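Encoded as structure tokens, the structure appears first; notes follow it.
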DNA sequence: TAGGCGTGGCG
DNA sequence: TCGCCAAGCCT
């Protein structure tokens, strides 16, 4: 199956800017952004990001508020904060260069097993076992014969991935990237394109008659959750040109026109606040969300006013 | 270890 | 339309 996947990857890999000619920093930034966020939404933000902050050093000097604004609506803004913290560690402990070993990478804030392996492999050509959701799904189908991998990554999956990894470092990098791309483009979670799969003849899942998943993946509730309120609050803070008084949030939750509550804010802020309308949120929920943002370092509180961290 | 954490495209 | 789910990490 190796030659089929490698050939397919050579001929079908997407032309993404963090592939080919790209600095280790650019690859690291891409990996952080791509965690749980689709390529189409990452790419434009990544382009702007790299043009503005081409090295860890220049990025480390930026303020968290600017970092969070540039992160825009990629989601999970704590990733941006951790990337900023990582840049500072890179400057202070690694002379401004992205470290090359798995262990050093793993020690950086917000970098776990996947990202450490991916950067070591894709930025530095090392033989590391890269296991992401795409690779897990391809392995589950192609080798195990199941529709989906286990709910959580387990030791058996890691052992299988290590076992499958080609010995040659260069080939292992292509294998990691190729299997990941196969999972992203062909062996997708829903409606896999088995007809055009380069390894369909060797697929254990197809051989087994494409059995259905043995468990139902848990959905992620959204409407009415704290997460929705956090997201809306972050949108307000990103757009705000000055600190937002808690009463301004409150006014909107209670249905009072935000413009009459506080005229010192821009139309942009007002627009963002309107997202609270129809949310049917309870005031304690908003207070909880705002407190959570402060606790996570995503917001600062001073004189009952919230702002992005300076 | 299971749950929390954003956002929006797409089938 | 609306639920699924997308190159995870941390606690």
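In the working numbering, the protein residues as written are 133 to 442.
Backbone N, C-alpha and C fix where the C-beta goes; we use that ideal spot for every residue, glycine too.
Everything numeric in this text was worked out from a predicted model, so none of it was measured.
Checklist entry - CB-CB under 6 Å to residue 361, same chain, minus the five flanking residues each way: which ones, in chain order? => result Position 229 of the first chain holds residue 361. These residues qualify, in order along the chain: 413, 417, 418 and 421.
Checklist entry - At what residue ranges does the region 252–315 contain a whole run of the beta strand (DSSP E), taking only runs of 3 or more? => result none
Checklist entry - How big is the Cα-Cα spacing for residue 277 and residue 236? => result Indexing the first chain from 1 puts residue 277 at position 145. Indexing the first chain from 1 puts residue 236 at position 104. When rounded, the distance between both Cα atoms is 36 Å.
Next on the checklist: Does residue 236 come out as helix, strand or coil in the three-state DSSP assignment?
Outcome noted: In the first chain, the residue the question calls residue 236 occupies position 104. Residue 236: helix per DSSP, three-state reduction.
Item to check | Continuous beta strand (DSSP E) stretch holding residue 432: start and end | outcome: In the first chain, counting from the first residue as 1, residue 432 sits at position 300. First-last of the beta strand (DSSP E) with residue 432: 432–434.
Checklist entry - What is the residue span of the beta strand (DSSP E) that residue 438 lies within? => result Sequence index remark: in the first chain, residue 438 carries index 306 (1-based). 437–439 is the span of the beta strand (DSSP E), which, as asked, contains residue 438.
Checklist entry - Among 363, 229 and 280, which one has its Cα closest to the Cα of residue 191? => result To locate residue 191, count along the first chain from 1; it is residue 59. Nearest option by C-alpha distance: 229.
Item to check | Span separating the alpha-carbon of residue 215 from that of residue 242 | outcome: Indexing the first chain from 1 puts residue 215 at position 83. Indexing the first chain from 1 puts residue 242 at position 110. Whole-angstrom Cα-Cα distance: 7 Å.
Checklist entry - With a CB to CB cut of under 7 Å and the five nearest residues on each side skipped, what residues in its chain are close to residue 429? => result On the first chain, position 297 is the one that residue 429 refers to. Result list for residue 429: 213 and 441, in chain order.
Checklist entry - Would the beta-carbon of residue 279 fall within 8 Å of that of residue 185? => result Translated into the one-based positions of the first chain, residue 279 becomes position 147. Translated into the one-based positions of the first chain, residue 185 becomes position 53. Not a contact, by the Cβ cut-off of 8 Å.
Next on the checklist: So, for residue 365: in the same chain, excluding its five sequence neighbours on each side, which residues have a beta-carbon less than 8 Å away from its beta-carbon?
Outcome noted: If you number the first chain from 1, residue 365 lands on position 233. So the list reads 381, 418, 421, 422, 425, 431 and 438, once near-sequence residues are dropped.
Checklist entry - Under a three-way DSSP split, which group does residue 174 fall into? => result Against the first chain, residue 174 aligns to sequence position 42. Reduced to three states, the DSSP call for residue 174 is helix.
Checklist entry - Among the residues of its own chain, which have a CB less than 6 Å from the CB of residue 370, if the five just before and after it don't count? => result Along the first chain, one-based indexing puts residue 370 at 238. So the qualifying residues of the chain are 201.
Checklist entry - Smallest Cα separation from residue 248: which of 348, 156, 372 and 344? => result Counting from one through the first chain, the residue named residue 248 turns up at place 116. That would be 156, whose Cα lies nearest to the Cα of residue 248.
Next on the checklist: Do residue 263 and residue 238 have their beta-carbon atoms positioned less than 8 Å apart in this structure?
Outcome noted: As a position in the first chain, residue 238 is number 106, starting the count at 1. As a position in the first chain, residue 263 is number 131, starting the count at 1. For residue 238 and residue 263, no; Cβs fall outside 8 Å.
Next on the checklist: If the criterion is Cβ atoms closer than 8 Å, does the pair residue 272 and residue 260 meet it?
Outcome noted: Counted from its first residue, the first chain places residue 272 at position 140. Counted from its first residue, the first chain places residue 260 at position 128. Cβ distance not < 8 Å, so residue 272 and residue 260 don't count as in contact.
Next on the checklist: Check this for me: beta carbons of residue 175 and residue 149, under 8 Å apart or not?
Outcome noted: As a first step, residue 175 is located in the first chain; it is residue number 43 there, counting from the start. As a first step, residue 149 is located in the first chain; it is residue number 17 there, counting from the start. Contact: yes.
Item to check | Pair within 8 Å by beta-carbon distance, residue 307 and residue 138 | outcome: The residue labelled residue 307 in the question sits at position 175 within the first chain. The residue labelled residue 138 in the question sits at position 6 within the first chain. Yes, they are a contact pair.
Checklist entry - What residues match up with residue 376 in a beta bridge as DSSP calls it? => result Working through the first chain from its first residue, we reach residue 376 at position 244. Paired residues: 438.
Checklist entry - Is DSSP giving residue 182 helix, strand or coil here? => result Numbered from 1 along the first chain, position 50 holds the residue referred to as residue 182. DSSP places residue 182 in helix when its eight states are reduced to three.
Checklist entry - Quick one, are the C-beta atoms of residue 267 and residue 293 less than 8 Å apart? => result Stepping through the first chain from its first residue, residue 267 is reached at position 135. Stepping through the first chain from its first residue, residue 293 is reached at position 161. Yes. Within cutoff.
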